[in-house]
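Taking it in order: structure first as structure tokens, then the write-up.
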Amino acid sequence: MNTVALGSSGLQVTPICLGTMTFGEQVQEAAAHAILDRALERGINFVDTAEMYSVPAKAETCGATESIIGNWFARNPGARQKVVLATKVAGPARGMPWLRPEVSKAGIVEACEASLRRLQTDVIDLYQIHWPARNMPTFGALYFDPSKDRPMPSVLEQLEALSGLVQAGQVRAIGLSNESPYGVHEFVRLAAQHGLSSVATVQNPYCLINRSFENGLDETCHRLGVSLLAYSPLGFGLLSGKYDATGLVGDAGRMALYDSMRKQRWGRPEALDAARRYNALAREHGLTPVQMALAFCYTNWRVASTIIGVTSLAQLDECLDAWGTTLSPELLKEIDKIRWEVRDPAQ
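Numbering (our numbering) for the sequence shown: 20 to 366.
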């Protein structure tokens, strides 16, 4: 597959990215290395991780995913040069006291240096802020509550830290994640005003049961030249069809395995109800749910690269084999009809 540019960063990546948050929890090191090997063999050059992974987040596995990837680089000479590597600095702790309490300038630098050590590399290609430092509705919260505002490091302070890492050669490009139109615009505006590195990407959820990116953030990113990295294209597995018959029980995937996952936006009954409707629509049109859900992202003008997360080689191959699937205008209209009725239940 052809590569695509990430904003104005100069980075060229495949339109499919391997997400790795399962490495170190559902996927142990040997299996994770096999998945990385297969992804590289099949032409994927883009790998995304984060300092807080694996997921569900725990103190004892914080940083485990980066360490697994670093060990893979060490055991496969030349692999690092074939991969565009993205990772993230965590935002404010969000119930994870083992992480730093705020995204300060010193905290960002410290986190980056720790990630470089775990990843066993001299440079991170794309370094992202995992979620905003400021108070804002995210991860399923729908409404902004100004009473929750607290003193925090400014956007300018964060940009200065990230730009310093770029100038030091430790980072090639910077990005955001779980951001809003205001946040993206503010980072770009202040970077231009102060001559600092600007953000190339925003990594946000985007899938059939959460199209909230289309509520103005798509226009903002388009006009500012910021590329979308779409995560959870299968809605935490709901859009794979694996939960259609059983619901979120058993041992079929992370939503069934982890109570903490079921308590999040992806575990809402409305999200599963909507996913079942989309999955049935896919089958009516001779597609698997995975094919339709991924094609919705793979062929969408809003998406630069789609981040797929897998726990097996079979899942990886299924996701990669869906590349090239197209959705007819008639099918897209039926998808939009469902969306009009159910909106974004996993927002």
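A virtual CB, placed ideally from N, CA and C, is assigned to each residue, including glycine. Computed from a predicted model, the values in this text were never measured in an experiment.
Let me make sure I understand the geometry here. Which of Leu-257, Asp-144, Leu-227 and Val-46 has the alpha-carbon closest to that of Arg-281?
Ranking Leu-257, Asp-144, Leu-227 and Val-46 by CA distance to the CA of Arg-281 puts Leu-257 first.
Length of the line joining the Cα atoms of Ser-196 and Ile-87
If you take the alpha carbons of Ser-196 and Ile-87, they lie about 22 Å apart.
Alpha helix (DSSP H) runs wholly inside the segment 129–191, at least 4 long, in chain order
Complete alpha helix (DSSP H) runs here, min 4: 174–186.
Have a look at the DSSP bridge pairing and note the partners of Ala-249.
DSSP output for Ala-249 lists Asn-223 and Thr-325 as bridge partner(s).
Cβ distance (whole Å) where Ile-354 is taken to contact Leu-300 below 8 Å:
Confirmed, Cβ separation roughly 7 Å.
Over the uninterrupted beta strand (DSSP E) stretch that includes Ile-35, give me the two end residues.
Run containing Ile-35: 35–38, per the beta strand (DSSP E) assignment.
Apart from the five residues on each side of it in sequence, which residues of its chain come closer than 7 Å, Cβ to Cβ, to Asp-168?
For Asp-168, the CB contacts under 7 Å within the same chain, skipping 5 residues up- and downstream, are Asn-154 in chain order.
Thr-330 versus Lys-261 - alpha carbon distance:
Annotation: Thr-330 to Lys-261 spans about 14 Å, alpha carbon to alpha carbon.
Alpha carbon to alpha carbon, how far is Met-171 from Ser-324? Give it in angstroms, no decimals.
Distance between the alpha carbons of Ser-324 and Met-171: 31 Å.
By the 10 Å Cβ neighbour count, where 16 or more other Cβ atoms means buried, how is Arg-230 classified, buried or exposed?
Counting the other Cβ atoms within 10 Å of the Cβ of Arg-230 gives 16 or more, which makes it buried.
When DSSP builds the beta bridges, which residues end up paired with Asp-67?
The partner list for Asp-67 (beta bridge, DSSP) reads Gly-38 and Ala-105.
Got a sec: does the ligand FAD put a non-hydrogen atom nearer than 7 Å to the Cβ of Ala-49?
The ligand FAD is not part of this structure, which contains no ligands at all.
Expressed to the nearest angstrom, what Euclidean distance is found between the alpha-carbon atoms of Leu-25 and Leu-104?
In this structure, the straight-line span from the alpha carbon of Leu-25 to that of Leu-104 is close to 13 Å.
Under 8 Å between the Cβ atoms of Tyr-225 and Ala-192?
No; because the gap between Cβ atoms is not below 8 Å, this pair is not in contact.
Between the CA atoms of Glu-205 and Val-108 - distance to the nearest angstrom
Cα-Cα distance, rounded: 19 Å.
Does the structure place the segment 66–73 close enough to the segment 340–354 that three or more beta carbon pairs sit under 8 Å?
No, they do not touch.
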